[in-house]
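Worksheet: the structure to be examined is printed underneath.
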Amino acid sequence: MNLSSAFRLSPAQAMPAAYTHLRNLVAYRELIYYLVVRDLRARYKNSVLGFLWSLLNPLALMLVFTTVFTIMRPGHNIQNYPIYVLCGLLPWNYFAAGLLGSTNSIVAGAGLIKKVYFPREALPIAAVLSQLVNFLLAFVVLFVALVVFQSPWSAWLWLLPLVILMQTCFILGLSFILATINVFYRDVMMIIDVVILAWFFLTPVFYPISAVPATVNLLGFTLPLHRLMYVLNPMASLINAYRDILYWGYRTDLDFLVRTLITSLVILIFGYWFFQRYSGRFGEEL
Amino acid sequence: MTQVLTTSRQTMQSSNGTGPATTPILQVQNISKRFKAHGEQRSLQQTVINLLGRNRDRAAQNAFWPLRNISFDVYPGESVGLVGHNGSGKSTLLKLITGILEPTEGQIQVNGRLSSLLELGAGFHPDLTGRENIFLNGAIYGLSRKEMHARLGSIIDFAELHDFIDTPVKHYSSGMYVRLGFAVAIHAEPDLLLVDEVLAVGDAAFQHKCLDAIQAFRRRGGTLLMVSHDLGSIQNICNRAIWLEKGHMRIDGRPIDVAMHYLNRVAEGEKQAAKGTNLPALENGLRWGSGRVLLESVQICAENGAAQSVFKTGDEMVIRIRYRCQEPVEPPVIGLSIHHQSGAHICGPNTDFGELTLPAGQTAGEVTYRIPWLSLLPGAYQVTAAVVHRQTQEMYDYHDRAYAFRVYPGASHEQYGLVTLRGEWGSRSEGVKG
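Protein chains in written order, with this note's numbering: chain S, 1 to 286; chain Y, 1 to 434.
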């Protein structure tokens, strides 16, 4: 793949092409629906509890993290830690599973891509959406937990769909890029596991950001670590937003939200453009 | 370099009753396709080198072009057959038209809905039931759920899967799988249908059904582009044929003309191959005998005496046999037998039946067996040659089915059995009313 030639399309050329692609994609929305159904069906086949796993899995994770964290930091002062950790864990799982599934989706769909034509982005989109279904089901657990722990319901709950949409855009954008590169360099699948694990620890999922020193001295410079973690890591901002809305009952910081929204949209648009640029060669490369 | 034998495009369009159509349904404009040469490995190192721009020339040298400068238009209602050897680029062309591959140069435009039978049931998911797969596959062809609901009954009827439609397709036999795949594709009711050799699947009854469905699709005004090795079915189904050779378009014209040019080329190629002598080896069991008389060469020739392995029904054929006597023997009998590929023994002429006595005391000679009008129907045939002692039946040399030829449709339109008896039909009317 000659990356140097990737940046030569003039905007005038790109616009009508993007419009055609999008219209094409809308025409194939039913395909995406069936691909999602297929993914979900395949995930729960031969399991006794079936889709209940979408609920049991976050519940079990919540128990594990609560136990581990309570043992590790006996003096922690986080109230309702199970809810606290769920607010981070559910979005994180959506992110990690969506990214893994969609990165592999093109390679896994090689049989289909080499035999029939359809908009290739249907595969990563379906992979992300099937994880979204999972994510939404898992919210049942979170809401039940909110009731059980008698946590106050926030008036800002209506912001939740917006945050979910933002996160979906962010995941889709990254997925488009990674799924494309994975066709040409399968190394992506090998690396991504480790990267996601590292990213997990760099994101305040199960610990509060206050567990990290606010500033750090590096080569004589004083770096604002908290700020950097949020600015460089959209997942930290997103999880922060979820937690504000669901755990703290806080309206979340608007400038924060807008910045994350813009980041997500930029990544989505770039990712889609990048995918379109190379998707024509998938049939040959696979 | 493309030879256009079309009897003028106008005649072909008006022949399907739609009058001269103005917009082609498919426009292929100067298409070329380049594949990376085999072994052009992608590695990080290679990528860096390529980015530095050092290695571009070498990559270009290794390139392989399965298609070069292909241009043609297909108008609504036409049905076009693509013929050519393996590796001539036919399937690549179909994949380019579908959009699975992108052309390196040139443009392809499809004005209408396209559906392709490149591989039946390609989009099926083993864990979904037949019914669910119908909808999934329909969605791949770009059909909505509503449209698929309307077609569901007729798809299930066509595939003959009433009892199994709610069974996961992983439990289907390969025949059921293919039936369902074809049923969905043909019911997608495309404007342009691409077919790649798929008619060679399934049992005979289902093949017939598929052919009928394709003919019905044509009668409804559908446009067809099909790849086949079977010139017979191209002549039956198509009203135009395109011959690709090594990625170039050779001829675009009437199927019968294209077929003849193509067969001549096939025959030429096989003649080249036959130049290396083809006596069967003694070890492999296809040749046996005492060896006192040897058959030195057996050639199947056309009327002009040139060795050939492709004939049409009605052609003249000459089989020429050279023999050598290793020691003085009484005049031997030389015989032939012709088998159909199915094993059926068709005939077994010999010099004795033919009342030809070979001269005595000779050391070598040649006999010919001339067939003035080949009455074999299309198929593959094998020839056995033998030389034997006239009285004792001592076998001197026996070449068991060592020579082959192939027959293509020619003077006779008969399709069943092995031979035509050249009978003639007559009729006499009786009791005409009025």
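The beta carbon of each residue, even a glycine, is placed where N, CA and C say it ideally should be.
Shorter than 8 Å from the beta carbon of residue i to some beta carbon of chain S?
{"i": "S174 of chain Y", "result": "no"}
{"i": "L194 of chain Y", "result": "no"}
{"i": "R322 of chain Y", "result": "no"}
{"i": "I300 of chain Y", "result": "no"}
{"i": "A139 of chain Y", "result": "yes"}
{"i": "F182 of chain Y", "result": "no"}
{"i": "F64 of chain Y", "result": "no"}
{"i": "L136 of chain Y", "result": "yes"}
{"i": "L263 of chain Y", "result": "no"}
{"i": "T277 of chain Y", "result": "Note on T277 of chain Y: pLDDT 48, under 50, position unreliable in the model; the coordinate value appears next. It does not: the Cβ of T277 of chain Y has no partner Cβ on chain S nearer than 8 Å."}
{"i": "E424 of chain Y", "result": "no"}
{"i": "L128 of chain Y", "result": "yes"}
Does the CB of residue i have a neighbour CB from chain Y at under 8 Å?
{"i": "R23 of chain S", "result": "no"}
{"i": "Y117 of chain S", "result": "yes"}
{"i": "A42 of chain S", "result": "yes"}
{"i": "Y272 of chain S", "result": "no"}
{"i": "Y19 of chain S", "result": "no"}
{"i": "Y28 of chain S", "result": "yes"}
{"i": "E284 of chain S", "result": "yes"}
{"i": "L265 of chain S", "result": "no"}
{"i": "R251 of chain S", "result": "no"}
{"i": "G280 of chain S", "result": "yes"}
{"i": "Y84 of chain S", "result": "no"}
{"i": "L31 of chain S", "result": "yes"}
{"i": "F275 of chain S", "result": "no"}
{"i": "R38 of chain S", "result": "yes"}
{"i": "Y34 of chain S", "result": "yes"}
For residue i, count neighbouring C-beta atoms within 10 Å of its own C-beta (all shown protein chains included) and say buried if the count is 16 or more, exposed if not.
{"i": "I186 of chain Y", "result": "buried"}
{"i": "E430 of chain Y", "result": "exposed"}
{"i": "L238 of chain S", "result": "buried"}
{"i": "F282 of chain S", "result": "buried"}
{"i": "T277 of chain Y", "result": "Caution applies to T277 of chain Y, whose pLDDT of 48 falls short of 50 and renders its modelled position unreliable; the value that the coordinates give is listed next. Exposed."}
{"i": "W153 of chain S", "result": "exposed"}
{"i": "H162 of chain Y", "result": "exposed"}
{"i": "C169 of chain S", "result": "buried"}
{"i": "V85 of chain S", "result": "buried"}
{"i": "T18 of chain Y", "result": "Annotation note: pLDDT 47 at T18 of chain Y (below 50); position unreliable, no value reported."}
{"i": "E121 of chain S", "result": "buried"}
{"i": "E327 of chain Y", "result": "exposed"}
{"i": "V205 of chain S", "result": "buried"}
{"i": "E268 of chain Y", "result": "exposed"}
{"i": "P234 of chain S", "result": "buried"}
{"i": "V457 of chain Y", "result": "No answer is possible for residue 457 of chain Y: it lies beyond the span of chain Y, which begins at 1 and ends at 434."}
{"i": "M72 of chain S", "result": "exposed"}
{"i": "W373 of chain Y", "result": "exposed"}
{"i": "G348 of chain Y", "result": "exposed"}
{"i": "G423 of chain Y", "result": "exposed"}
{"i": "I262 of chain S", "result": "exposed"}
{"i": "Y381 of chain Y", "result": "buried"}
{"i": "R251 of chain S", "result": "exposed"}
Could you give the C-beta distance for residue i and residue j, rounded to a whole number, given that I count them as a contact under 8 Å?
{"i": "I177 of chain S", "j": "F274 of chain S", "result": "5 Å"}
{"i": "G221 of chain Y", "j": "P76 of chain Y", "result": "7 Å"}
{"i": "V195 of chain Y", "j": "F124 of chain Y", "result": "Contact flag wrong, Cβ pair sits at about 18 Å."}
{"i": "P24 of chain Y", "j": "D73 of chain Y", "result": "4 Å"}
{"i": "V36 of chain S", "j": "A108 of chain S", "result": "Actually they do not touch by this definition, with Cβ atoms about 15 Å apart."}
{"i": "V407 of chain Y", "j": "K312 of chain Y", "result": "7 Å"}
In the DSSP output, which residue or residues are listed as bridge partners for residue i?
{"i": "V80 of chain Y", "result": "Y:L225, Y:R240"}
{"i": "Q109 of chain Y", "result": "Y:Q27"}
{"i": "T512 of chain Y", "result": "This structure cannot settle anything about residue 512 of chain Y, because the visible part of chain Y is limited to 1 through 434."}
{"i": "L100 of chain S", "result": "In DSSP, L100 of chain S forms no bridge with anything."}
{"i": "R370 of chain Y", "result": "Y:V318"}
{"i": "L421 of chain Y", "result": "L421 of chain Y is not bridged to any residue."}
{"i": "H399 of chain Y", "result": "Y:R287, Y:A385"}
The ligand MG heavy atoms versus the CB of residue i: any closer than 7 Å?
{"i": "I192 of chain S", "result": "Absence of the ligand MG from the depicted structure is noted, as is the absence of any ligand whatsoever, leaving it without description."}
*Along the region 86-111 of chain Y, what residues have a CB closer than 8 Å to any CB found in chain S?*
Residues passing the 8 Å Cβ filter: K95, T98, G99, I100, L101, E102.
_Against chain Y, which members of the region 215-248 of chain S pass a CB distance test of less than 9 Å?_
none
_Interface positions of the region 203-221 of chain Y facing chain S (Cβ-Cβ less than 8 Å), listed along the chain_ = Against chain S - using a Cβ distance shorter than 8 Å - the region 203-221 of chain Y contributes no residues.
_Please list, in chain order, the residues of the region 113-126 of chain Y that have any C-beta partner in chain S closer than 7 Å._
S116, L118, E119, A122, G123, H125
*Below 8 Å between beta carbons is the criterion; list the residues of the region 89-121 of chain S that meet it against any residue of chain Y, in chain order.*
G111, L112, I113, K114, K115, V116, Y117, F118
*Would you list, in chain order, the members of the region 141-154 of chain Y that have their beta-carbon closer than 9 Å to a beta-carbon of chain S?*
Y141, G142, L143, S144, R145, M148
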